[in-house]
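S.K.: Before I ask anything, let me first share the structure, which is written out below as structure tokens.
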Amino acid sequence: MGKTDAPEILPGTLDLLILRTLAAGQMHGYGIAQRLRQVSDEVLQVGESSLYPALQRLLLNGWVKAAWGASENNRRARYYTLTAAGRKQLAAERAEFARVVGAIEKILNMA
Amino acid sequence: MSLHLHKWLPRAWRRIVFRWRRTELDRELAEELEFHLALKQQAVGELSRIQMGNMTVAAEECRDMWSFLRLERLLQDIRYATRMFRRTPGFTAIAVLSLAVGIGGNAAMFTLVNTLLVRPLPYRQPDRLVRITGIFPRAAVPFFQQRNRTMQVAAVSPGSEYNLTGEGEAIRIVGSAASANTFEVLGAAVARGRSFEPGEDAPGRDAVVILSNSLWRTKFGGDPSAIGRVIALNGQHRQIVGIMPPAFSYPSAQVQAWVPMRFDPSNYLEYWGGEFVPLVARLRPGATMAEAQREIQPLTGEFRKTFPYPMARDWNRDSIAIPLQRDLTGDIRGKLIILLCSVGLVLLIACANVASLLLSRATTRRKEIALRAALGAVRSRIVRQLLTESVVLALMGAGLGILLGTGALSIFKSLLPASTPGLAQASIDWPVAAAVAGLSLVTGLAFGIAPALSTSQVDLALAIRTGSQRTTVAFGTRLRGALIGGEVALTVVLVVSAGLLIKSLYTLSEVPPGFQPQQILTVRISPNPSFCMQRAACIALYNRLLEGARGVPGVDDAAIANAVPLDAEQPDLPLDVEGHPKSVDYPEPMLWSGAISPGYIRMLRIPLLAGRDLTEADGPKSAQVLLISASTARHFWPGENPIGKHIKSGGEQEWRTVVGVVGDVRQYSLSKAMPDWIQGAIYMPYAQAGPPQYVNGVRRTGPFRRP
Numbered sequence: 001m002g003k004t005d006a007p008e009i010l011p012g013t014l015d016l017l018i019l020r021t022l023a024a025g026q027m028h029g030y031g032i033a034q035r036l037r038q039v040s041d042e043v044l045q046v047g048e049s050s051l052y053p054a055l056q057r058l059l060l061n062g063w064v065k066a067a068w069g070a071s072e073n074n075r076r077a078r079y080y081t082l083t084a085a086g087r088k089q090l091a092a093e094r095a096e097f098a099r100v101v102g103a104i105e106k107i108l109n110m111a
Numbered sequence: 112m113s114l115h116l117h118k119w120l121p122r123a124w125r126r127i128v129f130r131w132r133r134t135e136l137d138r139e140l141a142e143e144l145e146f147h148l149a150l151k152q153q154a155v156g157e158l159s160r161i162q163m164g165n166m167t168v169a170a171e172e173c174r175d176m177w178s179f180l181r182l183e184r185l186l187q188d189i190r191y192a193t194r195m196f197r198r199t200p201g202f203t204a205i206a207v208l209s210l211a212v213g214i215g216g217n218a219a220m221f222t223l224v225n226t227l228l229v230r231p232l233p234y235r236q237p238d239r240l241v242r243i244t245g246i247f248p249r250a251a252v253p254f255f256q257q258r259n260r261t262m263q264v265a266a267v268s269p270g271s272e273y274n275l276t277g278e279g280e281a282i283r284i285v286g287s288a289a290s291a292n293t294f295e296v297l298g299a300a301v302a303r304g305r306s307f308e309p310g311e312d313a314p315g316r317d318a319v320v321i322l323s324n325s326l327w328r329t330k331f332g333g334d335p336s337a338i339g340r341v342i343a344l345n346g347q348h349r350q351i352v353g354i355m356p357p358a359f360s361y362p363s364a365q366v367q368a369w370v371p372m373r374f375d376p377s378n379y380l381e382y383w384g385g386e387f388v389p390l391v392a393r394l395r396p397g398a399t400m401a402e403a404q405r406e407i408q409p410l411t412g413e414f415r416k417t418f419p420y421p422m423a424r425d426w427n428r429d430s431i432a433i434p435l436q437r438d439l440t441g442d443i444r445g446k447l448i449i450l451l452c453s454v455g456l457v458l459l460i461a462c463a464n465v466a467s468l469l470l471s472r473a474t475t476r477r478k479e480i481a482l483r484a485a486l487g488a489v490r491s492r493i494v495r496q497l498l499t500e501s502v503v504l505a506l507m508g509a510g511l512g513i514l515l516g517t518g519a520l521s522i523f524k525s526l527l528p529a530s531t532p533g534l535a536q537a538s539i540d541w542p543v544a545a546a547v548a549g550l551s552l553v554t555g556l557a558f559g560i561a562p563a564l565s566t567s568q569v570d571l572a573l574a575i576r577t578g579s580q581r582t583t584v585a586f587g588t589r590l591r592g593a594l595i596g597g598e599v600a601l602t603v604v605l606v607v608s609a610g611l612l613i614k615s616l617y618t619l620s621e622v623p624p625g626f627q628p629q630q631i632l633t634v635r636i637s638p639n640p641s642f643c644m645q646r647a648a649c650i651a652l653y654n655r656l657l658e659g660a661r662g663v664p665g666v667d668d669a670a671i672a673n674a675v676p677l678d679a680e681q682p683d684l685p686l687d688v689e690g691h692p693k694s695v696d697y698p699e700p701m702l703w704s705g706a707i708s709p710g711y712i713r714m715l716r717i718p719l720l721a722g723r724d725l726t727e728a729d730g731p732k733s734a735q736v737l738l739i740s741a742s743t744a745r746h747f748w749p750g751e752n753p754i755g756k757h758i759k760s761g762g763e764q765e766w767r768t769v770v771g772v773v774g775d776v777r778q779y780s781l782s783k784a785m786p787d788w789i790q791g792a793i794y795m796p797y798a799q800a801g802p803p804q805y806v807n808g809v810r811r812t813g814p815f816r817r818p
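Protein chains in written order, with my numbering: chain R, 1 to 111; chain U, 112 to 818.
Shown next, in the form of structure tokens:
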């Protein structure tokens, strides 16, 4: 459904990345995008048109919840927090991702 | 998308909540995006237009996420469709009506086919039930029961009329004689009381009767204490032992009571002659249809040799076992399939009709579609919108169609023989309604797809530049031409078949029936057969009735006959004909045997071709005489003078003399003079008619001629 900013991010992994980012603590949308960029050494660029729909999707699934709070520059910003269900989902997606990546590696490394 | 309910349900719930808080969410999202934008501007300076656009896309996609997008689009399309329909009531009415006719007919036919052909018989293990084709004398039943190893054989007569007395006002009912094991063989249990017990078909033990649910309700008010009471059927006292459930309708829905079929070898005519009956059977456990099939022919051959009179060598040589269901729906299957095909054709025509209506409307909608396309609607979206319109149209047609179908069903039901088992229970039920809904969906897509594709094919540049729609219109016209061609072809098929039916009906109406039916009224009178055992009293009764009828104002003349032409009851008798000895190769001829009062021939204007008519002088004590029909004379005495020849019925000692030849009358049907097994027709004076058993048959029908 919808377009992602591929090829920067593997399809379907954006949710996983956001969940992992939020695992460290609550964060607003812009912060998430920044963190993803920094941690990935500028490799992963997440556009707004992918990020915000993805956040809405996570909200709908009940994996994150949102609350308004004051930002570092004292503006009103919406902060996202991981829920218990979100943690479970993160673990599941992580395992699945590892499995797939492992499989891909095996194929790439075959003799 | 996950189909797990435990994930899906909370999600749907949140969506509903989101939908609820939509304006709030919208505002919050806008603020959030604005915040994002501000931070971004701070970081990278001026933003490009594409980056700004990204924001709008993000907002739109989020909004889509909150809603039940597909559902909302569908609702929107439906709203739009109904608005369109309201604006063009003429088009809508015609389209919905033609679809309703098509769908209604199909709903009715689905119901009939489902009830009569598809639904299994309401008996235990219905697939083990068979019918042995052909009809057999009663003597065959014990024979088959004793000799047969693969089947349990029962016999059930098609039913005849009985006088029911001894319980309030006398009524006339249809009763069927059934061997005592019938209900056990069919696997049908009584609703109350008990079934026939083994041996109750033996003479002296057969004074019992089982009632149908309808008779029990109408005559006994559904009183459970009816069981055990004694009623008289044709003057014979019988105890009510059981009541059948409402759904039981074997051998036909007309039968209201079942009496044991008496097997009495000492009663020659009843046991070997009289009414031949059909045999039904249940395959014994382990036996197969093929084994049963192999057994029937040798047994029939053996049984034929036991007849006390010569029986045709090829008698019942083609008897086979067929599934009971196929037997019950035998003649109806063909009719139903013809009807199903015609209603299918009607639906096709309706579809083509609506499709061409939609196509012609497409021209007027071209501008609207072009505008939609210009505003960014992709073709698939426009096609979906147009298809939604046609499906809504079809569903409206289905709604009206089911109403029409209820009406059509009662018409179809009246066309089919009322005795068809299960016919009364046929009504449009949920499975049929579901099938109709599915059918209308398919219909909507079928007639909508071509117009939708052609309408949505807009060349924007061309439409805007010239305002003309040449290319697409050409396609639309071609398609419409093809549709109209197809429609005309289908209509021609229907009209031709209807024309053929009308032609055969006309031909039948032109067939000279051999008598003049104008100004003839008939009345049926039915004294108990036991009363007519005393012949003198019986004849006196008929004479009194005749006198009474002649005295009725406006009645010109009155006569009595055991059967009138084209009546359901056919008095066929095996007869001996002078000069035609019976043998295995030339068995006893069957003749239509009328018993009439003098004056009957004259009154019906049946022409007297030779000899004399019957007169009052041909009484019980005078010489036995009869009239024969012209074809009978030709059949037995070609080129000879039939007057003075002799004929007698099976059991009689004395020959009857042919005194006159009368014109042929279509006794059986207008389309065919005589069935194959009937070799002619005779008329006896009713005062002299036959052996006592036959006097029972002297029937109660008084044709009157009005001035």
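Glycine included, each C-beta is placed from N, C-alpha and C at the ideal position.
In terms of alpha-carbon separation, which member of U:M422, U:E142, U:G279 and U:R661 lies closest to U:E699?
M.R.: When each option's Cα is compared against that of U:E699, the closest is U:M422.
S.K.: Are U:R395 and U:G298 touching if we call contact CB-CB under 8 angstroms?
M.R.: No, they are not a contact pair.
S.K.: Would you mind stating whether U:T222 and U:A537 have Cβ atoms separated by less than 8 angstroms?
M.R.: Their beta carbons are under 8 angstroms apart, which means U:T222 touches U:A537 by this criterion.
S.K.: Would you decide whether U:W124 is buried or exposed? Buried here means 16 or more other CB atoms lie within 10 Å of its CB.
M.R.: U:W124 comes out exposed.
S.K.: Touching or not, the segment 189-206 of chain U and the segment 75-85 of chain R, by the rule of three or more beta carbon pairs under 8 angstroms?
M.R.: The segment 189-206 of chain U is not in contact with the segment 75-85 of chain R.
S.K.: What residue range does the alpha helix (DSSP H) around U:V212 cover?
M.R.: Unbroken alpha helix (DSSP H) run through U:V212: P200 to V224.
S.K.: Does U:T588 come out as helix, strand or coil in the three-state DSSP assignment?
M.R.: Three-state DSSP puts U:T588 in a helix.
S.K.: Report the residues of the segment 60-71 of chain R with a CB closer than 7 angstroms to any CB of chain U, ordered along the chain.
M.R.: Of all residues in the segment 60-71 of chain R, L60, N61 and G62 have a Cβ within less than 7 angstroms of some Cβ in chain U.
S.K.: With distances taken between CB atoms, is the gap from U:F374 to U:R239 smaller than 8 angstroms?
M.R.: Cβ distance not < 8 angstroms, so U:F374 and U:R239 don't count as in contact.
S.K.: U:R723 and U:G771 - do their beta-carbons sit closer together than 8 angstroms?
M.R.: Cβ distance < 8 angstroms, so U:G771 and U:R723 count as in contact.
S.K.: Helix, strand or coil: which one does DSSP assign to R:Y79?
M.R.: R:Y79 falls in the strand class under three-state DSSP.
S.K.: Identify the contact partners of U:E135 in chain R, using a Cβ-Cβ distance below 9 angstroms as the criterion.
M.R.: Ordered by position in chain R, no residue passes the 9 angstroms Cβ test against U:E135, which lies about 12 angstroms from the chain.
S.K.: Does the CB of R:S49 have a neighbour CB from chain U at under 8 angstroms?
M.R.: Yes, R:S49 counts as interfacial toward chain U.
S.K.: U:E143 touches chain R at which residues, Cβ-Cβ below 7 angstroms?
M.R.: Ordered by position in chain R, the residues that pass the 7 angstroms Cβ test against U:E143 are G29 and R78.
S.K.: Should R:Q56 be flagged as near chain U, meaning a C-beta pair shorter than 8 angstroms?
M.R.: Interface residue, yes.
S.K.: In or out: R:R75 buried (at least 16 other Cβ within 10 Å) or exposed?
M.R.: With fewer than 16 other Cβ atoms within 10 Å, it is exposed.
S.K.: Looking at the strands, I want to know which residues DSSP matches up with U:Q263.
M.R.: Answer is U:R393.
S.K.: Compare the Cα-Cα distances from U:V553 to each of U:Q404, U:L737, U:G508 and U:R745 and report the closest residue.
M.R.: Of the candidates U:Q404, U:L737, U:G508 and U:R745, the one whose C-alpha sits nearest the C-alpha of U:V553 is U:G508.
S.K.: Residues of chain R with CB closer than 7 angstroms to the CB of U:M507, please, in chain order.
M.R.: Ordered by position in chain R, no residue passes the 7 angstroms Cβ test against U:M507, which lies about 33 angstroms from the chain.
S.K.: Alpha carbons only, please: which of R:L60, R:A95, R:A103 and R:S71 is nearest the one belonging to U:I127?
M.R.: Of the listed residues, the one whose Cα sits closest to U:I127 is R:L60.
S.K.: With distances taken Cα to Cα, identify the nearest neighbour of U:G516 among U:P682, U:V543, U:P676 and U:W131.
M.R.: Taking only the C-alpha atoms, the option nearest U:G516 is U:V543.
S.K.: Apply the 10 Å Cβ neighbour rule to U:D425 and answer buried if 16 or more other Cβ atoms are within range, or exposed otherwise.
M.R.: Exposed, because fewer than 16 other Cβ atoms sit within 10 Å of the Cβ of U:D425.
S.K.: CB-CB under 7 angstroms to U:L410, same chain, minus the five flanking residues each way: which ones, in chain order?
M.R.: F255, R258 and N259, listed in sequence order.
S.K.: Would you mind working out which of U:P753, U:S780, U:L684 and U:L781 sits nearest U:A800, comparing C-alpha positions?
M.R.: The residue with the shortest Cα to Cα distance from U:A800 is U:L684.
S.K.: Kindly give me the distance between the Cβ atoms of U:L594 and U:A466, rounded to whole angstroms, as I take these residues to be in contact under 8 angstroms.
M.R.: Their Cβ separation, rounded to whole angstroms, is 5 angstroms, which keeps U:L594 and U:A466 in contact under 8 angstroms.
S.K.: Check each candidate in U:S760, U:W748, U:A741 and U:A744 and name the one with the smallest Cα separation from U:Q735.
M.R.: Residue U:S760 is the option with its Cα nearest to U:Q735.
S.K.: With 8 angstroms set as the bound, which would you pick, yes or no: does the beta-carbon of U:M195 sit closer than that to a beta-carbon of chain R?
M.R.: Not closer than 8 angstroms to any Cβ of chain R, the Cβ of U:M195 fails to qualify, so no.
S.K.: Does the segment 707-723 of chain U come into contact with the segment 413-421 of chain U, if we say contact requires no fewer than three beta-carbon pairs (one atom in each stretch) closer than 8 angstroms?
M.R.: Contact between the segment 707-723 of chain U and the segment 413-421 of chain U is absent, because fewer than three Cβ pairs lie under 8 angstroms.
S.K.: How far does the alpha helix (DSSP H) with U:A247 in it extend, from its first residue to its last?
M.R.: Per the sequence shown, the amino acid found at residue 247 of chain U is Phe instead of Ala. No alpha helix (DSSP H) holds U:F247; the beta strand (DSSP E) holding it covers L240 to F247.
S.K.: Can you list the residues of chain R that U:E183 reaches, using a CB-CB cut of under 7 angstroms?
M.R.: Per Cβ cutoff of 7 angstroms: no residues; U:E183 is ~15 angstroms from chain R at best.
S.K.: Please state whether DSSP places U:A485 in a helix, a strand or coil.
M.R.: Reduced to three states, the DSSP call for U:A485 is helix.
S.K.: Using DSSP with H/G/I as helix, E/B as strand and the rest coil, what is U:N752?
M.R.: Of the three classes helix, strand and coil, the one that applies to U:N752 here is coil, per DSSP.
S.K.: Are at least three pairs of beta-carbons, each pair with one atom in the segment 91-108 of chain R and one in the segment 140-157 of chain U, less than 8 angstroms apart?
M.R.: The answer is no - the segment 140-157 of chain U does not touch the segment 91-108 of chain R, with fewer than three Cβ pairs under 8 angstroms.
S.K.: Closest Cβ-Cβ distance between R:A6 and chain U: below 8 angstroms?
M.R.: Model confidence at R:A6 stands at a pLDDT of 40, short of 50, so the residue's coordinates are unreliable; what they give is reported in the following sentence. No - not a single Cβ of chain U is within 8 angstroms of the one on R:A6.
S.K.: Inspect the CB distances between the segment 42-60 of chain R and the segment 163-176 of chain U and report whether three or more fall short of 8 angstroms.
M.R.: Yes: the two stretches touch, three or more of their Cβ pairs being nearer than 8 angstroms.
S.K.: Under a CB-based cut-off of 8 angstroms, is U:Q580 close to chain R?
M.R.: For U:Q580, the pLDDT reaches just 49, beneath the cut-off of 50, and the residue's location in the model is therefore unreliable, although a value from the coordinates is still provided. By this cut-off, U:Q580 is not an interface position.
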